[in-house]
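Numbering (my numbering), first residue to last: -4 to 263.
Structure follows, in structure tokens:
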């Protein structure tokens, strides 16, 4: 081996748990970032071989193509039920769901609440981009007041459609929840914080502490009708004030209000 080769080492590479496939997601979509973070955590914890992921209907319906761990498909909104069955049948396995806001907070809300109430030892990765992405941009349970969507062309009217669901705030009141944290992936700092939260969610499951959810505030540049850069800016200006980042519940921490992570506007 030459001296030059000896002096070089790999600093960055594809995680082993992330399959070598091209993502089907739109340009600028944050699903790819979050997929990589989940895969990195599986590698870091050495649990790829005992992990089972559950992907239901939504933009991430094909997530089974992107992870090298075992994967199961669930009907729309039913990922927590499928994950419950898998975890109870194989308690030695690490089980996670990967869900969008239309899936988790609409058709799957009852599944979400009752899995949390039971304290199911699963880890939930929740992508909140405030819109139905796969089906064309309809209003979602998390769409903001006044937000224009395909089914709210004049903006979400809370007098008619009600207010958006704040999932972490809601679940933080449930005893069976071990961790509820809201993050985003718009800057390097936030990406690192998101990975830390995802790792903690998996670690808490390994320790048998209960249900964990990591909510990732995300963008949907296609259905928002924006460039990826503009979508991130819109998210910072509109979503983060309504959905503040932070830890909403942590069974290992003293009770406290959510710790804000900040929007890091303008950070490269």
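Beta carbons are placed, not taken as given, at the ideal position from N, Cα and C, and that holds for glycine. Treat the numbers as computed from the prediction; the structure is a model and nothing was measured.
Please report the straight-line C-alpha distance between residue i and residue j, rounded to a whole angstrom.
i	j	result
residue 134	residue 6	42 Å
residue 224	residue 85	43 Å
residue 10	residue 32	9 Å
residue 15	residue 60	9 Å
residue 248	residue 81	29 Å
residue 185	residue 25	12 Å
residue 8	residue 70	33 Å
residue 54	residue 73	15 Å
residue 98	residue 109	15 Å
residue 130	residue 245	34 Å
residue 262	residue 227	Any reading at residue 262 must be qualified, since the residue scores a pLDDT of 47, below 50, and its modelled position is unreliable; no value is offered.
Leaving out the 5 sequence neighbours to the left and right, which residues in its chain are closer than 6 Å to residue i when beta-carbon positions are compared?
i	result
residue 158	none
residue 114	171, 205 and 206
residue 2	none
residue 196	118, 174, 207 and 209
residue 325	No answer is possible for residue 325: it lies beyond the span of the chain, which begins at -4 and ends at 263.
Tell me which same chain residues have a C-beta within less than 7 Å of the C-beta of residue i, skipping the five on either side of it?
i	result
residue 260	The pLDDT assigned to residue 260 is 47, lower than 50, so where the model puts this residue is not dependable, and the model offers no usable value.
residue 229	219 and 221
residue 12	34, 37, 38, 43, 62, 63 and 64
residue 141	150 and 151
residue 68	50 and 59
On the DSSP bridge list, what partners appear for residue i?
i	result
residue 66	48
residue 245	174
residue 207	118 and 174
residue 133	Residue 133 pairs with nothing; no bridge assigned.
residue 92	49 and 119
residue 13	62
Leaving out five residues before and five after residue i in sequence, what residues of the same chain have Cβ atoms less than 8 Å from its Cβ?
i	result
residue 139	125, 151, 159, 233, 234 and 237
residue 328	The chain is shown from -4 up to 263; residue 328 falls before or after that span and cannot be answered.
Is the region 16 to 29 touching the region 38 to 45, taking contact as three or more C-beta pairs under 8 Å? no
Would you say the region 158 to 173 touches the region 203 to 219, given that touching needs at least three Cβ pairs under 8 Å? yes
What runs of the beta strand (DSSP E), each 3 residues or longer, lie entirely inside the region 142 to 173? none
contact_flag[the region 190 to 199, the region 104 to 112] where n(CB pairs < 8 Å) is 3 or more: no
Could you tell me whether the region 86 to 98 touches the region 177 to 186, where touching means 3 or more Cβ pairs closer than 8 Å? no
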